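Enquirer: Okay, handing you the structure first.
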Amino acid sequence: MAKNITTRAADYSQWYVDVVREAKLADYAPVKGCMVIRPNGYAIWEAIQQQLDRMFKDTGHVNAYFPLLIPQSFLEKEAEHVKGFALECAVVTHSGLERVEGEARLRPKGKLEEAYVIRPTSETVIWAMYKNWIQSYRDLPLLINQWANVYRWELRTRLFLRTAEFLWQEGHTAHATAEEAREETLRMLGVYRTFAEEYMAMPVIVGEKSEGQKFPGAVSTYAIEAMMQDRKALQAGTSHFLGQNFARAFDVTFQNEKNELDYVWATSWGVSTRLVGALVMIHADDDGMVIPPRLAQRPIYAVPIYRSAAEREQVIGALRRLLDDLRLQHNLRSVLDERDTATPGFKFAEGELFGYPLRLELGPRDLAANQVIATLRHNREKVKLPLPQAAAEVPRLLERIQTDLFARAKKDMDEHTREINSYDEFKEFIAADGGFALVHWAGTPEDEKRIQQETKATLRVIPLDGAVEKGTCILTGRESNRRVVFAKAY
RNA sequence: CGGGGCGUGGCGCAGUCCGGUAGCGCAUCUGCUUUGGGAGCAGAGGGUCGUGGGUUCAAAUCCCGCCGCCCCGACCA
């Protein structure tokens, strides 16, 4: 058992915090509600960025960068948007500091004519620019993504899952027709799904948000929802069809092919550093982090075992040759832990804590047998690889790990997703942290609130690929023709 | 914003009730022995006790103010 990590069974929330801190993914910052993303955590975010960025480029998007500060008046332009974000904006009101006479203290100096808010999201500043950039249908579509930080003055925070400042990407696109914009919304939702499943090894339910849960200012919001190991849902990515709401608010019009003036159609979509928290909650265990191979900057952790200086030289030499082959032939990077100040046992434990998907051990006995021992992080399986074949076998092992992780998480989600047909059964299921409840639903936003108050569960998504079937709403008894997902959520 | 808890070497805590030389564990450093699942022994370094004021011969300890953080709720990616 890992030192300093509370077990999941004992206290899931504490386990999560312990893993994040012990694996050195993040640390609390000396700033309220904020965290420091440490190198181990940032490496994962970089891997997420690199892959998603490739996928955005492959679907025709380009990157740009907009200002951190947004004039307060911009926020006022879209009514729903204001309501959604006003309370959680950090506001910049002064332009400098001055010393308080006779004291060491500083205080704000020049009050600004108009306050700025630190972006909680960038729709407003981006659409203020789009107004200048779009005149004709020939300027469309405009497919821009931004990698940035945003700030939301959260009252309760949790490392990675909810912090005041977080890193994300926000795509903001403009289109000539509603159909095109809707297509884009669903295309990017699909990109998120593919990324979640194929790279994070995280199965998701893809669907639409209810009226009460959609993004402030959106016509419709779509999301991918994943199930964590404690059976709670985590929204892992959202894609919004914004209709013409922002175009109207910022007066962004264009002339179409028929020489008519029309408002531009918009989408926005984003994922954040929350995904790092999702990885922890879905794959990590009581011994620490587990990184899916495709998101590990260095998927291989090599531990040399030796007593004498001569042994050390031989063992490290053999490992170096293998690791070089892996890098040159398979583009796989690794860590060779040459520290003389830590014992192999310590390195094993630390390698597991940090979540390297595959560990290679090589000692004098292995050298004599011309083999290397590969240990899989997620299930502790040990495989003896003949040295001559090791470079070819390791990539296959990594692929197998990636597949296993997804299969394991999928099985877990499927086993805890149930069709539920009465409100009593529903209450019992949710109270027992049963997971995702598939229920017939025909309620209003007020009914949703009632369910949340009575059970703490919320309507996560209306699945896009759900079958059409007749049924009756578990709460209102009204007729329904599809099931939706209710669950407790982060 | 409501409720609760806590601020003492890097981390976790004891000491506070009942004022009297600031302690323990882990971590760190040095040396020797170790090294195939978180090594052992010996020694060493490191603290304005969150902060400002008050009481007192004397304050981590008592009194008043302020600040910060964590947890639980409502709000949210």
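Counting in this note's numbering, the first sequence runs from 10 upward without gaps.
Every residue gets a Cβ at the ideal spot worked out from N, C-alpha and C, and that includes glycine.
Just so you know, these numbers come straight off a predicted model, no measurement behind them.
Just mark H449 as buried or exposed, buried being the case when its beta carbon has 16 or more other beta carbons within 10 Å.
Expert: It is buried - the Cβ of H449 has at least 16 other Cβ atoms within 10 Å.
Enquirer: If you drop the 5 nearest sequence neighbours on each side, which residues of the same chain put their C-beta closer than 7 Å to that of R191?
Expert: Closer than 7 Å at Cβ, skipping near neighbours: F250.
Enquirer: If you run the structure through DSSP and keep just helix, strand and coil, what is D456?
Expert: Helix.
Enquirer: Can you find the residues in the same chain that come closer than 6 Å, C-beta to C-beta, to Y231, ignoring five residues on each side of it along the sequence?
Expert: So the list reads L198, E217 and S248, once near-sequence residues are dropped.
Enquirer: My output table needs one value for G119: the three-state DSSP class, helix, strand or coil.
Expert: Of the three classes helix, strand and coil, the one that applies to G119 here is coil, per DSSP.
Enquirer: Would you say the region 208-225 touches the region 305-315, given that touching needs at least three Cβ pairs under 8 Å?
Expert: At 8 Å Cβ cutoff, the stretches do not touch.
Enquirer: Would you mind sorting Y25 into buried or exposed? The rule is 16 or more other CB atoms within 10 Å of its CB.
Expert: It is buried - the Cβ of Y25 has at least 16 other Cβ atoms within 10 Å.
Enquirer: Would you check if there are 3 or more beta carbon pairs closer than 8 Å linking the region 176-189 to the region 92-107?
Expert: No: the two stretches stay apart, fewer than three of their Cβ pairs being nearer than 8 Å.
Enquirer: Taking DSSP as the reference, what is the three-state secondary structure of W24?
Expert: If DSSP states are grouped into helix, strand and coil, W24 belongs with the helices.
Enquirer: Is the distance from the Cβ of W162 to the Cβ of L96 below 9 Å?
Expert: Yes, the Cβ-Cβ distance between W162 and L96 is below 9 Å.
Enquirer: Let's test the definition: count the other Cβ atoms within 10 Å of the Cβ of F355 and tell me whether it reaches 16, buried, or not, exposed.
Expert: Its Cβ having fewer than 16 others within 10 Å, F355 is exposed.
Enquirer: Classify P150: buried if its beta carbon has 16 or more other beta carbons within 10 angstroms, exposed otherwise.
Expert: Per the 10 Å Cβ criterion, buried.
Enquirer: Suppose the cutoff is 6 Å on Cβ atoms and the five residues either side in sequence are ignored; what does the same chain contact list for T194 look like?
Expert: Counting only Cβ-Cβ distances below 6 Å, and skipping sequence neighbours, we find S248, F250 and T276.
Enquirer: With DSSP as the reference, label M211 as helix, strand or coil.
Expert: M211 falls in the coil class under three-state DSSP.
Enquirer: For the alpha helix (DSSP H) that Y160 lies in, which residues bound it at each end?
Expert: Looking at the DSSP string, Y160 is not in any alpha helix (DSSP H); the run it does join, the beta strand (DSSP E), is L151 to Y160.
Enquirer: Excluding sequence positions up to five away, which residues of its chain have a Cβ less than 6 Å from the Cβ of E320?
Expert: Excluding positions up to five away in sequence, the list reads P373.
Enquirer: Going residue by residue through the region 445-492, where are the continuous alpha helix (DSSP H) segments of at least 4 residues, counting only ones entirely within it?
Expert: Complete alpha helix (DSSP H) runs here, min 4: 454-464.
Enquirer: How long is the line joining the alpha carbons of E428 and A242, rounded to whole angstroms?
Expert: Distance between the alpha carbons of E428 and A242 is about 16 Å.
Enquirer: Ends of the alpha helix (DSSP H) at P373?
Expert: It spans P373 to A378 - the alpha helix (DSSP H) in which P373 sits, taken as one unbroken run.
Enquirer: Measure from the alpha carbon of K140 to the alpha carbon of each residue in I483, V101, H184 and K391, then state which is nearest.
Expert: The candidate whose alpha carbon is nearest that of K140 is H184.
Enquirer: Can you list, in chain order, the residues of its chain whose CB lies under 8 Å from that of R336, leaving out five sequence neighbours each side?
Expert: Around R336: R342 and S343.
Enquirer: How would you label P397, buried or exposed, when you count the other beta carbons within 10 angstroms and need 16 or more for buried?
Expert: Looking at its Cβ environment, which holds fewer than 16 other Cβ atoms inside 10 Å, P397 is exposed.
Enquirer: Would you report the Cα separation of C43 and K393, rounded to the nearest angstrom?
Expert: C-alpha separation (whole angstroms): 44 Å.
Enquirer: Taking 6 Å as the limit between beta carbons, can you name the residues of its chain near W65, skipping five residues before and five after?
Expert: This sequence places Phe at residue 65; Trp is not what is there. Closer than 6 Å at the Cβ level, and outside the excluded window around F65, lie N154.
Enquirer: Residue ranges of each beta strand (DSSP E) run of no fewer than 3 residues wholly in the region 367-444, ordered along the chain?
Expert: Those beta strand (DSSP E) runs which fall completely within the region 367-444 and span 3+ residues are 367-371, 380-385, 391-395 and 426-428.
Enquirer: Within 8 Å, do at least three Cβ pairs link the region 287-305 to the region 206-217?
Expert: They touch, by the three-pair rule.
Enquirer: Please list, in chain order, all residues of the same chain as R202 whose beta carbon is under 7 Å from its beta carbon, the five residues on each side excluded.
Expert: Excluding sequence neighbours, R202 sits near V213, V215 and I233.
Enquirer: Given Y432, which residues of its chain have a CB within under 8 Å of its CB, disregarding the five upstream and five downstream residues?
Expert: Excluding positions up to five away in sequence, the list reads I483 and L484.
Enquirer: With C-beta atoms as the reference, is Y51 less than 9 Å away from Q238?
Expert: Contact: no.
Enquirer: If you reduce the DSSP assignment to three classes, tell me which class M138 lands in.
Expert: It is helical.
Enquirer: So the candidates are Q178, L168, Q244 and N72; which of them puts its Cα closest to the Cα of L152?
Expert: Answer by Cα proximity: N72.
Enquirer: Assign P366 to one of two classes, buried (16 or more other C-beta atoms within 10 Å of its C-beta) or exposed (fewer than that).
Expert: Buried, because 16 or more other Cβ atoms sit within 10 Å of the Cβ of P366.
Enquirer: For K436, I'd like the list of residues in its chain whose CB is within less than 8 Å of its CB, leaving aside the five on either flank, ordered along the chain.
Expert: If we look at K436 and ignore the five residues flanking it on each side, its Cβ neighbours are E463 and T464.
Enquirer: Note down, in chain order, each residue of its chain lying with its Cβ closer than 6 Å to the Cβ of V100, except the 5 sequence neighbours on either side.
Expert: If we look at V100 and ignore the five residues flanking it on each side, its Cβ neighbours are A124 and V126.
Enquirer: By the DSSP assignment, the beta strand (DSSP E) with S248 in it spans what residues?
Expert: Start and end: A242 to G252.
Enquirer: Quick one: what does DSSP say D289 is sitting in, helix, strand or coil?
Expert: As written in the sequence, residue 289 is Val, which differs from the Asp given in the question. Helix, per DSSP.
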